[in-house]
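Undergrad: Going down the list, the protein sequences come from chains H and L.
In terms of my numbering, the first sequence opens at residue 1 and continues consecutively.
In terms of my numbering, the second sequence opens at residue 1 and continues consecutively.
All residues carry an ideal CB built from backbone N, CA and C; glycine is no exception.
2 protein chains.
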Amino acid sequence: MDPSEVKIPEMKDLTIDNITENVHAINSQCPDPRLKYLLERLVTHVHDFARETRLSFAEWEAGLQFLTQVGQTCTEVRQEFILLSDIFGLSLLVDSIDHPKPKNSTEGTVLGPFHTHDAHAEENGTVLHHDPDGTPCLVLCTVKDTDGKPIPNVKIDVWETDSKGFYDVQYENRTTPDGRAVMESDSDGIFWFKAIVPVEYPIPHDGPVGKLLKLLKRHPYRPSHMHFMFEKKGYDHLVTALYLRGDPYETSDAVFGVKDSLLVDLGTVSKDQASEYEVKEGSKLMTYDFVLVTDTEAKELREKIAMEAMKAQGRKMKLYNGLPIPDVD
Amino acid sequence: MDPSEVKIPEMKDLTIDNITENVHAINSQCPDPRLKYLLERLVTHVHDFARETRLSFAEWEAGLQFLTQVGQTCTEVRQEFILLSDIFGLSLLVDSIDHPKPKNSTEGTVLGPFHTHDAHAEENGTVLHHDPDGTPCLVLCTVKDTDGKPIPNVKIDVWETDSKGFYDVQYENRTTPDGRAVMESDSDGIFWFKAIVPVEYPIPHDGPVGKLLKLLKRHPYRPSHMHFMFEKKGYDHLVTALYLRGDPYETSDAVFGVKDSLLVDLGTVSKDQASEYEVKEGSKLMTYDFVLVTDTEAKELREKIAMEAMKAQGRKMKLYNGLPIPDVD
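#1: Going by the beta-carbon positions, is the gap between L:Val295 and L:Tyr235 smaller than 8 Å?
#2: For the stretch 238-260 of chain L, list every residue whose C-beta sits within 9 Å of some C-beta in chain H, in sequence order.
#3: With L:Met183 and L:Asn104 assumed to form a contact (beta carbons below 8 Å), what rounded beta-carbon distance in angstroms separates them?
#4: Would H:Lys284 pass as a contact of H:Pro136 if the rule is Cβ separation under 8 Å?
#5: Is the Cβ of H:Gly134 closer than 8 Å to any Cβ of chain L?
#6: Return no unless some Cβ of chain L is closer than 8 Å to the Cβ of H:Glu52.
#7: On the CB-based measure, 16 or more other CB atoms within 10 Å of its CB, does L:Pro220 come out buried or exposed?
#8: How big is the Cα-Cα spacing for H:Leu266 and H:Val143?
#9: Classify L:Tyr249 as helix, strand or coil using the three-state DSSP reduction.
#10: Tell me, which residues are paired with L:Arg180 by DSSP?
#11: Can you confirm whether L:Ile203, when its beta carbon is compared against all beta carbons of chain H, has any partner nearer than 8 Å?
#12: For L:Ala119, collect the residues of the same chain with a Cβ closer than 6 Å to its Cβ; drop the 5 residues on either side in sequence, then sort them by chain order.
#13: So, at 7 Å on beta carbons, what are the nonlocal neighbours of H:Ile305 in its own chain, with the 5 sequence-adjacent residues on each side left out?
#14: Straight-line CA distance for L:Tyr167 to L:Glu160?
#15: Can you find a CB in chain L that lies within less than 8 Å of the CB of H:Asp327?
#16: So if DSSP puts H:Asp32 in a beta bridge, which residue, or which two residues, is it bridged to?
#17: Rounded C-beta distance between L:Gly382 and L:Val293? I'm assuming under 8 Å.
#18: L:Thr294 touches chain H at which residues, Cβ-Cβ below 8 Å?
#19: Applying the criterion that 16 or more other CB atoms from any shown protein chain within 10 Å of the CB defines a buried residue, is H:Thr75 buried or exposed?
#20: Which whole runs of the alpha helix (DSSP H) in the stretch 63-107 of chain H are 4 residues long or more, in chain order?
#21: Kindly list, in the order they appear in chain L, the residues whose Cβ is closer than 8 Å to that of H:Tyr235.
#22: L:Tyr37 touches chain H at which residues, Cβ-Cβ below 8 Å?
#23: Using the beta-carbon of each residue, which ones in chain L are nearer than 8 Å to H:Ala298?
#24: Can you give me the Cβ contacts of H:Tyr249 inside the same chain, cut-off strictly under 7 Å, excluding the 5 residues immediately before and after it?
#25: Under 8 Å between beta-carbons, which chain H residues line up against L:Arg218? List them in chain order, please.
#26: Name the one or two DSSP bridge partners that L:Trp192 has.
#27: For L:Lys164, list the residues DSSP reports as bridge partners.
#28: For H:Cys74, which residues in chain L fall below 8 Å Cβ to Cβ?
#29: Which residues of chain H have a Cβ atom closer than 7 Å to the Cβ of L:Phe228, listed in chain order?
#30: Kindly list, in the order they appear in chain H, the residues whose Cβ is closer than 7 Å to that of L:Gly81.
#31: Relative to the alpha-carbon of H:Asp147, which residue among H:Leu301, H:Ile325 and H:Phe290 has its alpha-carbon at the smallest distance?
#32: Would you tell me roughly how many angstroms separate the C-alpha atoms of H:Gln72 and H:Leu84, rounded to the nearest one?
#33: Determine, using beta carbons only, whether H:Ser85 comes closer than 8 Å to chain L.
#34: Over what stretch of residues does the beta strand (DSSP E) that includes L:Asp289 continue unbroken?
#35: Starting from the beta carbon of L:Thr15, find every residue of chain H whose beta carbon is closer than 8 Å, and list them in chain order.
#36: Which one or two residues does DSSP pair with H:Arg222 in a beta bridge?
Written out as structure tokens, the structure is:
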């Protein structure tokens, strides 16, 4: 490029104290105001972190080496950066920010690194998991709106581990999805399938995130749970999970996913249910009534909370595509 | 592991407001107080960043995808995370923190991603670069201490690009190092070699960092420079570079490396020098007197500045292996 086209403020003699404003200046020509704001805050926090801790060269080098290993551990079926975000509570935080929930709607939780896009579409009554060692569990749920009206034709992704605590994608010889399906709620908002009782399991800890957990003397376990993801035009995307109450890891989940409202007690399949759903009487039963919020409800609540949070920053801000940016006019 | 051994505070119902303290709590059993402090500050900044910006799920996902690509772009000879740190000014900041310089000593600058450990040890007078298209440049330097006394036997790594702006490692068919050497200062603190005049060049911008620069409307250029790294027991490690004054990118270096004190004007080889150093009379000449600080000088200055910075945090702190940690006794 022609250097005469360089239209950034002149920089030289950068110091510990003036580097941040200079990086902001050089980034200030970004035409996307939201990206510009995100980078301004990111650079400020990263620099403040280094200044506050007096970050040493050796620590910086070890940190970059760690991030490199995290990136290189990622494959088609393993996302180590999501895992890192999970164990730092960032995933839970972002989900809470992006999907605020009015009272009485179903709370969200972490997506985790094991959702895939290749699960087969299945009818109500499908066998979700074929693991013969799993304890059979009938899952019987409804999807409603905040007024209590059933929502039909919601696309529902469901996924769980086998009885050993492994997802299908963790097996090298996986040929077809198992323990996962894409369901659809019927005209009464009902969806149901034959699963196995979820078990506790460690998140993958043979990589850099596992090494970090060890250094921190943290265990890698997640309490027993089953994942659900809900999607329907007009409704706010819901990523959530149901947790078995009383699990030994209920209050120390490695990825901070547990919420009181998502804890369930397993019931028992009655004689009538057994014949209606073609499962054994007395087998395990998981039921839950999910409540979705509309896009409009979510947007209003998200923007209301964002406005309140921006006020606390003591800076003139405005919303841009629903997200905060500095108001500089 | 036995869940009864879980000795962390009970967590559940985590929210936007309480997640940070809970992550601190779960990390609080880390036996290394420095790592614990680094993670406490890192988690705080990452969470504050998400809260302040109301980071959306889509932005979080794009960010993790970007970091994954950065990690996967790294190879034996390319460190894309260092490059990312460079273009955010973090590398320069960390170097400034870790290697404070008393007045009259040589300032440090960014290492960059192209230093290797396979450069050959060479005698004074070596030909650093064999590129026939380069403009020959005799480099004639001294290394002294802050009292002006020559320092012999300093190990000096030198590296520069060819005349097209590429380092040897950027060529796929590289078989042996070129444009790099490990020198040693003689008993008068002198080291010299036959290089080529440095040229401006873009940092590698065919990867994710290059894409980011493009989004930010930033150019990827570095002004013409030659890298130097100094190592001798008892002296603070010095990573620096000399920049050609008047380069068109002098005040807009993509990686924030330029300092006034590191700008040089090229001279001309005199008749006497030509015969002494066996180069052509009238060819280009680069001279510089580098000044190293002792480990003791650097340590004292680093700790003095760290103490001042800690005071500003309004928190009781102490030094641990020379680096700040909270003082919790």
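TA: Reading it off the structure:
#1: Residue 295 of chain L is actually Asp in this sequence, not Val. L:Tyr235 is positioned such that its CB atom lies closer than 8 Å to that of L:Asp295.
#2: Taking 9 Å as the upper bound on Cβ-Cβ separation, chain H lies near residues Val239, Asp247, Pro248, Tyr249, Glu250, Thr251, Ser252, Asp253, Ala254, Phe256, Gly257, Val258, Lys259 and Asp260 of the stretch 238-260 of chain L.
#3: Actually they are not in contact, since the Cβ atoms of L:Met183 and L:Asn104 sit about 23 Å apart, beyond 8 Å.
#4: Between H:Lys284 and H:Pro136, the C-beta spacing is below 8 Å.
#5: Not flagged as an interface residue toward chain L: H:Gly134, since no C-beta distance is shorter than 8 Å.
#6: Using a CB distance cut-off of 8 Å, H:Glu52 counts as an interface residue toward chain L.
#7: Around the beta carbon of L:Pro220, 16 or more other beta carbons sit within 10 angstroms, so the residue counts as buried.
#8: Answer to the nearest angstrom: the Cα atoms are 19 Å apart.
#9: Correct three-state label for L:Tyr249: coil.
#10: Note: L:Arg180 sits in a beta bridge opposite L:Trp159.
#11: At a cut-off of 8 Å, the C-beta of L:Ile203 has no neighbouring C-beta in chain H.
#12: Non-local C-beta neighbours of L:Ala119 in its own chain, meaning closer than 6 Å and more than five positions away in sequence, comprise Pro177, Arg180, Ala181 and Val182, ordered along the chain.
#13: Only Pro100 meet the Cβ criterion.
#14: Their Cα atoms are separated by approximately 7 Å.
#15: So, not an interface residue.
#16: DSSP links H:Asp32 through a beta bridge to no other residue.
#17: This structure does not reach residue 382 of chain L, given that chain L is present from 1 up to 329, and the question cannot be answered.
#18: Within chain H, no C-beta atom comes nearer than 8 Å to that of L:Thr294; the closest sits roughly 17 Å away.
#19: Of the other Cβ atoms in all chains shown, fewer than 16 fall within 10 Å of the Cβ of H:Thr75; this residue is therefore exposed.
#20: Correct list: 80-87 and 90-98.
#21: None at all; the shortest Cβ gap to chain L is about 15 Å.
#22: Per Cβ cutoff of 8 Å: Thr53.
#23: Listed along the chain, the chain L residues whose CB falls inside 8 Å of the CB of H:Ala298 amount to none; the nearest CB is some 12 Å away.
#24: The answer, listed in chain order, is Glu200, Tyr221, Arg222 and Pro223.
#25: Listed along the chain, the chain H residues whose CB falls inside 8 Å of the CB of L:Arg218 are Ile8, Ile26, Asn27 and Gln29.
#26: DSSP output for L:Trp192 lists L:Leu140 as bridge partner(s).
#27: Secondary-structure assignment with DSSP links L:Lys164 through no beta bridge to anything.
#28: Taking the beta carbon of H:Cys74 as reference, the chain L residues within 8 Å of it are Thr68, Gly71 and Gln72, listed in sequence order.
#29: For the C-beta of L:Phe228, not a single chain H residue is nearer than 7 Å; the gap to the nearest is close to 16 Å.
#30: Gly is not the amino acid found at residue 81 of chain L; the sequence shown has Phe there. Those are Leu64, Leu67 and Thr68, listed as they occur along chain H.
#31: Of the listed residues, the one whose Cα sits closest to H:Asp147 is H:Phe290.
#32: Per the coordinates, the alpha-carbon of H:Gln72 lies some 13 Å from the alpha-carbon of H:Leu84.
#33: Yes, because at least one Cβ of chain L sits closer than 8 Å to the Cβ of H:Ser85.
#34: Start and end: Lys284 to Leu292.
#35: By Cβ distance, chain H contributes Ser96.
#36: Per the DSSP secondary-structure output, H:Arg222 pairs in a beta bridge with H:Tyr201.
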